[in-house]
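Student: The structure is given below, and queries will be raised subsequently.
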Amino acid sequence: MRTGHFREKPGQLIALSDSRTVWGWTLALLVALALAPLVISAYGLTLMVAALIAVVGAIALNILTGQTGLISLGQAGFLSVGAYANGILLADYHVPVWITIPAGGAAASLVSLLVGVPSLRLKGLYLAITTLAFAFIVNHVILYAEPVTHGPNGLFVNGARLFGFNVQKGPPLYYLALAMALATLFATLNLSRTRIGRAWMAIRDHDIAARAMGIDLVRYKLLAFVISSFFVGIAGALMSLQLRFINVDVFALNLSIEAIASIIFGGLGSVAGATLGAVFLSFLPEALRLSFAALPFGGADLLGNNVYEIRGIAYGVIIVLVLRFKPDGLIGMWRDARKYWSQWPLAY
Amino acid sequence: MQFFLLLTSTGLVSGAAYGLIAIGFTLIYKSTGVVNFAQGELVMLTAYIAFSLAQWLGLSFLPLVALTIPISMALGLALERVFIRPMLGEPTFAIVMVTVGLAVILRGLTILIWGSEPFNFTAGMPTRVVVLAGVPFYPAQLWLLAALAIVVVAVWLFLKFSRYGVAMRAAAGNETAALLVGVDVSEIHALAWMISSAIAAIAGLLFAANFKLAPDMWFQGLKSFPAAILGGLDSIGGAALGGLIIGVIESLSQGYIGEGMREIAGFIVIIVVLMARPFGLFGSREIERV
Numbered sequence: 001m002r003t004g005h006f007r008e009k010p011g012q013l014i015a016l017s018d019s020r021t022v023w024g025w026t027l028a029l030l031v032a033l034a035l036a037p038l039v040i041s042a043y044g045l046t047l048m049v050a051a052l053i054a055v056v057g058a059i060a061l062n063i064l065t066g067q068t069g070l071i072s073l074g075q076a077g078f079l080s081v082g083a084y085a086n087g088i089l090l091a092d093y094h095v096p097v098w099i100t101i102p103a104g105g106a107a108a109s110l111v112s113l114l115v116g117v118p119s120l121r122l123k124g125l126y127l128a129i130t131t132l133a134f135a136f137i138v139n140h141v142i143l144y145a146e147p148v149t150h151g152p153n154g155l156f157v158n159g160a161r162l163f164g165f166n167v168q169k170g171p172p173l174y175y176l177a178l179a180m181a182l183a184t185l186f187a188t189l190n191l192s193r194t195r196i197g198r199a200w201m202a203i204r205d206h207d208i209a210a211r212a213m214g215i216d217l218v219r220y221k222l223l224a225f226v227i228s229s230f231f232v233g234i235a236g237a238l239m240s241l242q243l244r245f246i247n248v249d250v251f252a253l254n255l256s257i258e259a260i261a262s263i264i265f266g267g268l269g270s271v272a273g274a275t276l277g278a279v280f281l282s283f284l285p286e287a288l289r290l291s292f293a294a295l296p297f298g299g300a301d302l303l304g305n306n307v308y309e310i311r312g313i314a315y316g317v318i319i320v321l322v323l324r325f326k327p328d329g330l331i332g333m334w335r336d337a338r339k340y341w342s343q344w345p346l347a348y
Numbered sequence: 001m002q003f004f005l006l007l008t009s010t011g012l013v014s015g016a017a018y019g020l021i022a023i024g025f026t027l028i029y030k031s032t033g034v035v036n037f038a039q040g041e042l043v044m045l046t047a048y049i050a051f052s053l054a055q056w057l058g059l060s061f062l063p064l065v066a067l068t069i070p071i072s073m074a075l076g077l078a079l080e081r082v083f084i085r086p087m088l089g090e091p092t093f094a095i096v097m098v099t100v101g102l103a104v105i106l107r108g109l110t111i112l113i114w115g116s117e118p119f120n121f122t123a124g125m126p127t128r129v130v131v132l133a134g135v136p137f138y139p140a141q142l143w144l145l146a147a148l149a150i151v152v153v154a155v156w157l158f159l160k161f162s163r164y165g166v167a168m169r170a171a172a173g174n175e176t177a178a179l180l181v182g183v184d185v186s187e188i189h190a191l192a193w194m195i196s197s198a199i200a201a202i203a204g205l206l207f208a209a210n211f212k213l214a215p216d217m218w219f220q221g222l223k224s225f226p227a228a229i230l231g232g233l234d235s236i237g238g239a240a241l242g243g244l245i246i247g248v249i250e251s252l253s254q255g256y257i258g259e260g261m262r263e264i265a266g267f268i269v270i271i272v273v274l275m276a277r278p279f280g281l282f283g284s285r286e287i288e289r290v
């Protein structure tokens, strides 16, 4: 058990972590992630890229839902705005990819103002329903704005090159996604320790009290929408790079539910939780594939015929079970385990 | 004029389905404070159950309804006991997310059991066209409109005069006070789920008979949100009227504005209503205390 844990300088109070052990393990993890493409197969790398993109999306949703308490079921809408902005600029206007990815984020931010402003008067369920409605409207606009978005034909996203590398497959895409995930993680961790982050948490915990303390609700709620959807837009842009073909069916309601499932599974409100939840849930389809293949009586066929339904059921079961038994999610389980470990044998 | 009448009549018919589903939302919201995101899935699942019953027993319409309603009530009770009851006392957000999870589970299960191919389902009704005031109707369409009227009156009578209905209104008004005067609030919650699944069964049967029985029927649940919100989320009559209004708006905007407006007109209405009048047309205005 650690005792005598004192902070002696003001700088230590605002450090991300003052523990050498934590920094050591973080460094080891980063080195492992950087070296991963040397060891992991091409297929494994694809899964890891999907996981990293999910991490960006989940951290971003966590800003809005976990930290500010604004429930959003419109994640798919912001993702599709980011993906389409990136895809259209890249494929139709041949803009370099280092501009199109931030442009995807910026486009999603702009659109989020449209849904953010009417949402300011709303809370809880009403906001969830508004964001849901927004996601459907976005898909409709994309479907019918055919001259720009190619409508029902979908959009092929090709030719993204960065520093001479094709960043749409293999290690270059992996490093791009890794860099984006780390940037998002770092930005969010820092943001939540600033005036802005604390204001968000105050709004989440009690908006009227926050207002009374002088927090401008309009400004900070809109800021949460804009910043969150900027990162969601970037996640969407990365998705379009990886998938190489996008249409409105990619951004169905299920995507929003998967995003919500991953932040609930990880532990609402915690950046580390959102990261963990997104990583675990994006390996879920693979885990399902392996476990059905291991079943006797043609489990692989059963999954092959009904892959979307079984995945959906798995997400639903995870949401229900986590909320019922472990409302703090993975990060809560980790905290419990750590406490048990450090206090053993005195744990109660 | 003929075109307008035709659009209005088809709008009223699909609006009646929205109204029925929205009444299901409203009942659960009124008595438990939770929006049941699985209402559309309940509608779909009970419609499929009715379809299997009709195929198996070859029933005509009214006996089929009479048989489907108790089954769906049992289903509603089971879902409430297994999924919602253990969440009692948790924050509303957690319970709502459980219904979202439940929705995904029910949707997947329905497709696993009945497959993803749509079925034609007449629900034992004739398909002869009836002409009313110059506008042609199918019997199934008339039944849908009639069902909305019957359900509204029945639910109103139930809430106004029956012992359980009064208890339900008491629980909706103030749960703690209702507990203090001896209302079994958890029983009321279960009852709300049962009645709402029974209404879902009626809506599902008639919707499937009017359009078709397909695994995308759950989407009608989401499309009925505008009706519930327009009606104010806690008013039965408001939900029914909201449904009819949304149905007509969708149909007219599809006819006069453009292709595909049917799909999103309701969602645009949601955003407008929530901006201008968040408590809907008939909802109770909430006063928040710190």
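So the protein lines, in turn, are chains Z and A.
Take 1 as the starting number for the first sequence in my numbering and just add one per residue.
Take 1 as the starting number for the second sequence in my numbering and just add one per residue.
Think of the CB as a built atom: it goes at the ideal place given N, C-alpha and C, for glycine as much as any other residue.
Note that the structure is predicted; figures quoted are calculated from it, not measured.
#1: Check whether chain A comes within 8 Å of P327(Z), counting only Cβ atoms and requiring the distance to be less than that.
#2: Kindly indicate which three-state DSSP category F283(Z) falls into: helix, strand or coil?
#3: Within 10 angstroms of its Cβ, does E146(Z) collect 16 or more other Cβ (buried), or is it exposed?
#4: Taking C-alpha atoms, which residue in G247(A), R277(A) and A16(A) lies nearest to Q141(A)?
#5: Measuring alpha carbon to alpha carbon, tell me which residue in P172(Z), L155(Z), L90(Z) and F156(Z) is nearest F163(Z).
#6: What residues are listed by DSSP as bridge partners for N166(Z)?
#7: What would DSSP say about L213(A), mapped onto helix, strand or coil?
#8: Sorted by chain position, which residues of the same chain lie with C-beta nearer than 6 Å to L73(Z)'s C-beta, five sequence neighbours on each side aside?
#9: On the DSSP letters alone, give me the boundaries of the alpha helix (DSSP H) that L125(Z) sits inside.
#10: Run through chain A and tell me which residues come within less than 9 Å of R289(Z), C-beta to C-beta.
#11: Counting only C-beta atoms, is T130(Z) closer than 8 Å to chain A at any point?
#12: When the distance is taken between beta carbons, is L155(Z) closer than 8 Å to A235(Z)?
#13: For G316(Z), which of S262(Z), A272(Z) and A274(Z) has the nearest alpha-carbon?
#14: Which residues bound the alpha helix (DSSP H) around F83(A)?
#15: Measure the beta-carbon distance from R87(Z) to V167(Z) and round it to whole angstroms, keeping in mind my assumption that it falls under 8 Å.
#16: Kindly indicate which residue of L244(A), G231(A), S31(A) and T127(A) has the alpha-carbon position closest to the one of A147(A).
#17: Mind pulling the chain A residues with CB within less than 7 Å of E309(Z)?
#18: What residue range is occupied by the uninterrupted beta strand (DSSP E) comprising G136(A)?
#19: What is the DSSP secondary structure of L16(Z), counted as helix, strand or coil?
#20: Along chain A, which residues have their Cβ under 8 Å away from the Cβ of Y126(Z)?
#21: Taking a Cβ distance cut-off of 9 Å, strictly less, list which residues of the stretch 85-96 of chain A are near chain C, in chain order.
#22: Taking all protein chains shown into account, decide if Y256(A) is buried (16 or more other Cβ within 10 angstroms of its Cβ) or exposed.
#23: Between the C-alpha atoms of S80(Z) and I249(A), what's the straight-line distance to the nearest angstrom?
#24: Quick one, are the C-beta atoms of L59(A) and L53(A) less than 8 Å apart?
#25: Check the Cβ-Cβ distances between E80(A) and every residue of chain Z, and say whether any is below 8 Å.
#26: Between V55(Z) and chain A, is there a C-beta pair that is closer than 8 Å?
#27: Let me know the secondary structure DSSP gives P345(Z) once reduced to three states.
#28: CB A214(A) to CB P86(A), shorter than 8 Å?
#29: I want to see whether chain Z comes within less than 8 Å of G24(A), judged by CB atoms only; does it?
#30: I'd like to check one pair, A208(A) with A38(A): are the Cβ atoms closer than 8 Å?
#31: Helix, strand or coil, according to DSSP, for V290(A) in the structure here?
#32: Would G332(Z) pass as a contact of A58(Z) if the rule is Cβ separation under 8 Å?
#33: Return the chain-ordered list of same chain residues with a C-beta closer than 6 Å to the C-beta of G197(Z), the five sequence neighbours on each side being excluded.
#34: Give me the Cα-Cα distance between T65(Z) and V232(Z), rounded to the nearest whole angstrom.
#35: Ordered along the chain, which non-local residues of its own chain (more than five positions away) have a Cβ less than 6 Å from that of G204(A)?
#36: Would you call the stretch 17-35 of chain A and the stretch 174-193 of chain A in contact, with 3 or more CB pairs under 8 Å?
Tutor: Put simply:
#1: On the first sequence, residue 327(Z) is found 327 positions in, with the first residue counted as 1. By this cut-off, P327(Z) is an interface position.
#2: Residue numbering aside, residue 283(Z) sits at position 283 when the first sequence is read from its first letter. Coil at F283(Z), not helix or strand.
#3: For the purposes of this step, residue 146(Z) is identified with residue 146 of the first sequence, where counting begins at 1. Classification for E146(Z): exposed.
#4: Taking the first residue of the second sequence as 1, we reach residue 141(A) at position 141. Ranking G247(A), R277(A) and A16(A) by Cα distance to Q141(A) puts A16(A) first.
#5: Position 163 of the first sequence, counting from 1, holds the residue named residue 163(Z). The shortest C-alpha separation from F163(Z) is found at P172(Z).
#6: On the first sequence, position 166 is the one that residue 166(Z) refers to. Answer by DSSP bridge pairing, in chain order: R161(Z).
#7: Here residue 213(A) is taken as the residue at index 213 of the second sequence, counted from 1. DSSP places L213(A) in strand when its eight states are reduced to three.
#8: By 1-based counting over the first sequence, the position of residue 73(Z) is 73. If we look at L73(Z) and ignore the five residues flanking it on each side, its Cβ neighbours are A128, T131, L132 and S256.
#9: Walking along the first sequence from the start, residue 125(Z) turns up at place 125. Boundaries of the alpha helix (DSSP H) harbouring L125(Z): G124 to Y144, taken from the DSSP string.
#10: To locate residue 289(Z), count along the first sequence from 1; it is residue 289. Going along chain A, no residue has its Cβ under 9 Å from R289(Z), so there is no contact; the nearest lies around 16 Å.
#11: Start at 1 with the first residue of the first sequence, and residue 130(Z) comes out as number 130. Yes - at least one Cβ of chain A is within 8 Å of the one on T130(Z).
#12: For the purposes of this step, residue 235(Z) is identified with residue 235 of the first sequence, where counting begins at 1. For the purposes of this step, residue 155(Z) is identified with residue 155 of the first sequence, where counting begins at 1. Their beta carbons are not under 8 Å apart, which means A235(Z) does not touch L155(Z) by this criterion.
#13: Counted from its first residue, the first sequence places residue 316(Z) at position 316. Selected option, being the one with the closest Cα: S262(Z).
#14: For this step, residue 83(A) is matched to residue 83 along the second sequence. Element bounds for F83(A): n/a, residue is neither H nor E.
#15: By one-based count along the first sequence, residue 87(Z) stands at place 87. By one-based count along the first sequence, residue 167(Z) stands at place 167. Checking the displayed sequence, the identity of residue 87(Z) turns out to be Gly instead of Arg. Not a contact, Cβ separation roughly 14 Å.
#16: Translated into positions along the second sequence, residue 147(A) becomes position 147. Looking at the Cα atoms, L244(A) is the closest of the given residues.
#17: Within the first sequence, the letter at position 309 stands for residue 309(Z). At a C-beta separation below 7 Å, E309(Z) has these neighbours in chain A: G108, I111 and L112.
#18: By 1-based counting over the second sequence, the position of residue 136(A) is 136. Residue identity differs from the one stated: residue 136(A) is Pro in this sequence, not Gly. First-last of the beta strand (DSSP E) with P136(A): V135 to F137.
#19: On the first sequence, position 16 is the one that residue 16(Z) refers to. Coil.
#20: The residue labelled residue 126(Z) in the question sits at position 126 within the first sequence. Here the neighbours are I229, L274 and P278.
#21: In the structure shown, chain C does not exist; the protein chains are Z and A.
#22: On the second sequence, position 256 is the one that residue 256(A) refers to. The residue in question, Y256(A), is exposed, as its Cβ has fewer than 16 Cβ neighbours within 10 Å.
#23: Counted from its first residue, the first sequence places residue 80(Z) at position 80. Counted from its first residue, the second sequence places residue 249(A) at position 249. Rounded to the nearest angstrom, the two C-alpha atoms are 27 Å apart.
#24: As a working mapping, residue 59(A) is identified with position 59 in the second sequence. As a working mapping, residue 53(A) is identified with position 53 in the second sequence. A contact, by the Cβ cut-off of 8 Å.
#25: Working through the second sequence from its first residue, we reach residue 80(A) at position 80. Not closer than 8 Å to any Cβ of chain Z, the Cβ of E80(A) fails to qualify, so no.
#26: Position 55 of the first sequence holds residue 55(Z). For V55(Z), the nearest beta carbon of chain A is not closer than 8 Å to its own beta carbon.
#27: Mapped onto the first sequence, residue 345(Z) falls at position 345. In the three-state scheme derived from DSSP, where H, G and I count as helix and E and B as strand, P345(Z) is classed as coil.
#28: In the second sequence, counting from the first residue as 1, residue 214(A) sits at position 214. In the second sequence, counting from the first residue as 1, residue 86(A) sits at position 86. A distance of 8 Å or more separates the beta carbons of A214(A) and P86(A).
#29: In the second sequence, counting from the first residue as 1, residue 24(A) sits at position 24. Cβ-Cβ to chain Z under 8 Å: no for G24(A).
#30: Mapped onto the second sequence, residue 38(A) falls at position 38. Mapped onto the second sequence, residue 208(A) falls at position 208. It is not a contact, given that the beta carbons lie outside the stated cut-off.
#31: For the purposes of this step, residue 290(A) is identified with residue 290 of the second sequence, where counting begins at 1. Because V290(A) carries a pLDDT of 42, less than 50, the predicted location of this residue cannot be relied on, and the following value inherits that uncertainty. Three-state result, V290(A): coil.
#32: Along the first sequence, read from residue 1 onward, the residue named residue 332(Z) stands at position 332. Along the first sequence, read from residue 1 onward, the residue named residue 58(Z) stands at position 58. No; because the gap between Cβ atoms is not below 8 Å, this pair is not in contact.
#33: As a working note, residue 197(Z) is residue 197 in the first sequence. Cβ within range, chain order: L191.
#34: Numbered from its first residue, the first sequence carries residue 65(Z) at position 65. Numbered from its first residue, the first sequence carries residue 232(Z) at position 232. Taking the straight line joining both Cα atoms gives about 13 Å.
#35: Locating residue 204(A) in the second sequence gives position 204, where the first residue counts as 1. The answer, listed in chain order, is V43, T46 and A47.
#36: Note that the stretch 17-35 of chain A touches the stretch 174-193 of chain A; at least 3 beta-carbon pairs, one per stretch, sit closer than 8 Å.
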